[in-house]
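Numbering (my numbering), first residue to last: 94 to 235. Glycine included, C-beta positions come from ideal geometry on N, C-alpha and C.
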């Protein structure tokens, strides 16, 4: 058995107190996205009914939404949700490892979260407060 060597690129010392302002909202976003991905295959019938009702309410008789179009929309949603999950996961890991790009990515995710009221708006504000904290900035610049 060998003893693992310490990683010189990893930051030393304790985590800053407000690093949780970044990592907890990222974890909440990750869990929410995973749950969304799990329920996505069951959204087909609901999406079919909703689009049919919207077409009837708009009064456009020539507009039809085929099942193939709904299937394509679901696959696109699946792909985008997978990309989002990977983005949030690697951002959280980078923040915990003290990488600067993780903090910058957290700022971008925090700004995007501001656009999704009400809960993600609050999480976005918390993430932005944590991302601009002096100790977090110093921790992620190592």
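Separation of residue j from residue i, as counted between CA atoms
{"i": "residue 136", "j": "residue 126", "result": "15 Å"}
{"i": "residue 120", "j": "residue 166", "result": "26 Å"}
{"i": "residue 199", "j": "residue 133", "result": "25 Å"}
{"i": "residue 191", "j": "residue 231", "result": "9 Å"}
{"i": "residue 138", "j": "residue 169", "result": "16 Å"}
With 16 other Cβ atoms within 10 Å as the buried cut-off, status of residue i
{"i": "residue 152", "result": "exposed"}
{"i": "residue 118", "result": "buried"}
{"i": "residue 179", "result": "exposed"}
C-beta atoms of residue i and residue j nearer than 9 Å
{"i": "residue 202", "j": "residue 184", "result": "yes"}
{"i": "residue 181", "j": "residue 123", "result": "yes"}
{"i": "residue 207", "j": "residue 217", "result": "yes"}
{"i": "residue 172", "j": "residue 186", "result": "no"}
{"i": "residue 229", "j": "residue 111", "result": "yes"}
Residue closest to residue i, alpha-carbon to alpha-carbon, out of the options
{"i": "residue 161", "options": "234, 186 and 141", "result": "141"}
{"i": "residue 235", "options": "214, 215 and 193", "result": "193"}
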